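Colleague:
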Amino acid sequence: MNSEDIGYLPATEMVAMIAAKDISPVEVNDAVLERIETVQPKLNPFITICADEARVAAKAAEAAVMAGDDLGPLHGVPFTVKDLVNTAGVRTTYGSHALEDNIPEHDALSVARLKAAGGIMVGKTTTPEFGHKPMTEAPLFGRTLNPWNQDRTSGGSSGGAGVAAAAGLGPLHVGTDGGGSIRIPAAACGIVGMKQTLGRVPHDGTPDSFALMSFIGPMTRTVADCALMLDAMSGPHPSDVHSLGRETPDLIGAAAADGDLSGLRIGCRTFLGNEVIDTETRNLFDGAMPAFSDAGGTLIASDGPFTPTLPFWAPLTYSMWAARFGGYADQLGDKMSETLRYWINEAQGVSGVAVQDAMAVRTRIFREVEAWFDDVDLVIMPTITRPALPVDHDPREAIEIEGKSVDVPRAAWYPYTHPFNLTGHPAITVPSGWTADGMPVGLQIVGPWLADDLVLRAAACFERLRPWADRRPDIG
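Using the working numbering, the first residue of the sequence shown is number 1264, and each one after it goes up by one.
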């Protein structure tokens, strides 16, 4: 098995092979590091590569296998961490010159839990500065390219993680999602990405748990790996009020390959406050729907009025950026991303009344979405309205769909994602297919509050009937 084949191995297979001594943690991690060395100059998915630390950890993991020790559920499996998430002793820059020498003393809880499960961190993946836009580029490290077409964006803000997963740089990748930042690059890169229910994975790094709209979650190539990773990161912790009093459902069992959707009512939406979708993207979405009925579900058309959420997401997010990063903008000047400085400046016109109004609308939209599930058990919709945008697209400018200028990306490319950051509902994206020119697009499965297991079950059923994990980009 060559390094590419090892890099594309699912974690579920890696764990079993390591336990059976069919492959060693050293062999796995050396292969992934070799693969990273090959891909990094071409696509730029990493800010920091932790080769020395990973090799030390892999040797310790190999010794544990040979000694017959009890092995964790991720024993010896490599994983990456988006550079918005703290890692002890490893530079964590947030993609910004302001923190280019920042070395945290402690791991984020999600990272600590992956390590406690036996995972081995091999590097930190790229992010736009402070995760502020849906294209992954920053003054500190440059631009991260889409593995399916290097003239297209990887998506963002977890673009490095999306590229690492799609390019076979190991099976497990930690992303963050404050408006779609896991699901956008997952759809753009042809992988799985999940934003779980608010509080399922404690977010111990946020300064404002009560107003939280950002999530730390898994990005993988298979649904089973997504469940395995989410299970390792989940569980209550006193640092996050939303996590307390929660039992973790059987996430791994939910993603089993033999599940079905018998008795489930599945709502289908083509639009969510938007009016335009690319024809080929829509055709792939429509063509995917029969798989859910083949798995036993009953499809129900659910398109109906929905208030666009960008006018409410934006004041909450821009004012948060101004409060947290405004001082860095003053300090860095033009060393900060122009787009981030622009939106921080936009926040100066956001009043406290506007923020309170947006919070009230957030509650109303939560109730509206939760009410969907009086009539259906799940809702399925596209993840993005078209394949990945041109790599140099300015996110302040309107996108084109079939040659027509529509609106800015937040309104016209991913209107389906940020509503569920506002409401906290679980949402997973999986590939719905590839366009004629070889670009992936995704569909999103949304479930009731706390129904992460149901969302995973539906995704696993779809994967069984419409598999995608063996499809690899030609990186050159």
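C-beta: ideal position from N, C-alpha, C; glycine also. Computed from a prediction, not measured in an experiment: that's the story for all the values here.
1. Counting pairs of Cβ atoms below 8 Å between the stretch 1610 to 1624 and the stretch 1636 to 1656, do you hit three or more?
2. Can you tell me which of the three DSSP states residue 1734 falls into?
3. Let me know if residue 1563 comes out buried or exposed under the rule of 16 or more other beta-carbons within 10 Å of its beta-carbon.
4. Measuring only the C-alpha atoms, how far is residue 1348 from residue 1382?
5. Thinking C-beta only, is residue 1441 closer than 8 Å to residue 1506?
6. Is the beta carbon of residue 1639 sitting closer than 8 Å to the one on residue 1709?
7. In chain order, what are the residue ranges of uninterrupted beta strand (DSSP E) at least 3 long that sit wholly in the stretch 1283 to 1360?
8. Considering only C-alpha positions, which residue in the set 1701, 1372, 1456 is nearest to residue 1434?
9. Taking just the CA atoms, how far does residue 1473 sit from residue 1504?
10. Given residue 1392, which residues of its chain have a CB within under 6 Å of its CB, disregarding the five upstream and five downstream residues?
11. Give the straight-line distance between the Cα atoms of residue 1634 and residue 1542, rounded to the nearest whole angstrom.
12. For the alpha helix (DSSP H) that residue 1268 lies in, which residues bound it at each end?
13. Measuring only the C-alpha atoms, how far is residue 1448 from residue 1417?
14. Compute the Euclidean distance between the alpha carbons of residue 1495 and residue 1668, then round it to the nearest angstrom.
15. Name the residue from 1540, 1530, 1356 whose alpha carbon lies nearest to the alpha carbon of residue 1672.
16. With respect to the alpha helix (DSSP H) encompassing residue 1217, which residues constitute its N-terminal and C-terminal limits?
17. DSSP has residue 1387 in a bridge; who is on the other side?
18. Within 10 Å of its beta-carbon, does residue 1298 have 16 or more other beta-carbons around it, so buried, or fewer, so exposed?
19. For a minimum of 3 consecutive residues, which ranges assigned as the beta strand (DSSP E) are wholly contained in the stretch 1384 to 1442?
20. Are the CB atoms of residue 1335 and residue 1295 within a distance shorter than 8 Å?
21. Helix, strand or coil for residue 1527? Go by DSSP, reduced to three states.
22. Please work out which residues of its chain come closer than 8 Å, Cβ to Cβ, to residue 1684, disregarding the five sequence neighbours upstream and downstream, and give them in chain order.
23. Just to confirm, are residue 1288 and residue 1339 a CB contact at a threshold of 8 Å?
24. If you scan the stretch 1505 to 1554 from start to end, which runs of the beta strand (DSSP E) of 3 or more residues do you find wholly inside it?
25. Determine, using beta carbons only, whether residue 1530 and residue 1694 come nearer to each other than 8 Å.
26. Along the beta strand (DSSP E) that carries residue 1651, what are the first and last residues, could you check?
27. Given residue 1427, which residues of its chain have a CB within under 6 Å of its CB, disregarding the five upstream and five downstream residues?
28. Excluding the five sequence neighbours on either side, which residues of its own chain have a C-beta within less than 6 Å of the C-beta of residue 1731, listed in chain order?
29. Three-state secondary structure (DSSP) at residue 1456?
30. Can you find at least 3 beta carbon pairs, one from the stretch 1319 to 1328 and one from the stretch 1397 to 1414, that sit closer than 8 Å?
31. Among the residues of its own chain, which have a CB less than 8 Å from the CB of residue 1305, if the five just before and after it don't count?
32. Measuring alpha carbon to alpha carbon, tell me which residue in 1430, 1483, 1264, 1415 is nearest residue 1657.
33. Given that a residue counts as buried once 16 or more other Cβ atoms are within 10 Å of its Cβ, and exposed if not, what is residue 1568?
34. What residues match up with residue 1568 in a beta bridge as DSSP calls it?
35. Helix, strand or coil, according to DSSP, for residue 1479 in the structure here?
36. How do the stretch 1722 to 1731 and the stretch 1689 to 1704 stand: do at least 3 beta-carbon pairs fall below 8 Å, yes or no?
Modeller: For this structure:
1. no
2. coil
3. exposed
4. 16 Å
5. no
6. no
7. 1309 to 1312, 1341 to 1345
8. 1456
9. 7 Å
10. 1358, 1359, 1401, 1600, 1603
11. 30 Å
12. 1266 to 1270
13. 6 Å
14. 43 Å
15. 1540
16. Residue 1217 falls outside the range modelled here, since the chain spans only 1264 to 1739, and no answer is possible.
17. 1311, 1344
18. buried
19. 1412 to 1416, 1435 to 1440
20. no
21. coil
22. 1440, 1441, 1442, 1443, 1458, 1476, 1477, 1478, 1576
23. yes
24. 1528 to 1531
25. no
26. Careful: residue 1651 lies outside any beta strand (DSSP E) and carries neither H nor E.
27. 1308, 1343, 1388, 1436
28. 1694
29. strand
30. no
31. 1408, 1413, 1738, 1739
32. 1415
33. exposed
34. Paired residues: none, contrary to the question.
35. strand
36. yes
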